[in-house]
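To keep things clear, I will list the structure first and then write my remarks on it.
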Amino acid sequence: MNLEIGFMLVVRWVHTLAAVLWVGGSLLYLLALRPSLRLEGEGVASVSRRIALEFRGLVDTSIVVLVLTGVVLSFDRLSSPFVEVPYGLALGIKVVLSVSMFLLAYSRRSSSYSFDTSLVSSGAVSYTHLTLPTNREV
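Be aware that the sequence shown starts at 29, since it is given in this note's numbering, and climbs by one per residue.
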């Protein structure tokens, strides 16, 4: 196996892993964790906020990884002499769906969560959460 094939194999693996983490994590969070935390009452509000902040970091990382690896994979495939129109159509559909999902994730985030400054002072928020741009005032 030459270096280019090994690199593309790693890129495909990382791309797939980021997609699985984002989609699987979203399903777990939305279908299991969030409803169960709502049923527990007021005591879990701070735990729920902390989980949401940590999950936000996973989503942000997954989106960045998906975009970067997706660009590499697209250029690799589009530079192939064997690329055909159906692949271009499938790629276009994937790009439109991906951008739609990114916008949906961003819009849900900016409308449904508020940032709790006590989490920063308690050390519950990691450095990556402090450097990500958001629409919230801290």
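Idealized CB from N, CA, C, for every residue including glycine. Just so we're clear, the structure is a prediction, and the values are computed from it rather than from any experiment.
Under the three-state DSSP convention, the category residue i falls into
i: V111; result: coil
i: N30; result: coil
Cβ shell of residue i (< 7 Å), same chain only, five flanking positions each side left out
i: S90; result: A46, L49 and W50
i: S102; result: L119
i: V39; result: T97, V100 and L101
i: D144; result: Residue confidence is low: D144 scores 44 on pLDDT, short of 50, so the model does not pin down where it sits. Its coordinate-derived value is still stated next. Around D144: R77.
i: Y134; result: none
i: V72; result: L65
Burial state of residue i, where buried means 16 or more other Cβ atoms lie within 10 Å
i: F35; result: exposed
i: R77; result: buried
i: F110; result: exposed
i: S142; result: With a pLDDT of 47 at S142, under the threshold of 50, the modelled position of this residue cannot be trusted, and the question is left open.
i: S149; result: Unreliable positioning characterises S149 in this predicted model, as indicated by a pLDDT of 41, which lies under 50. A coordinate reading is not provided.
Residues near residue i by beta carbon distance below 8 Å, same chain, minus five either side
i: L94; result: H43, A46, A47, W50 and S126
i: V75; result: L65
i: P114; result: none
i: I121; result: none
Whole-angstrom C-beta distance between residue j and residue i, which should lie under 8 Å
i: G53; j: L86; result: 6 Å
Cβ pair residue i, residue j closer than 9 Å
i: R137; j: R84; result: yes
i: Y57; j: I79; result: yes
i: G116; j: L131; result: no
Beta-carbon contacts of residue i that lie in its chain and below 6 Å, excluding the five residues immediately before and after
i: A60; result: none
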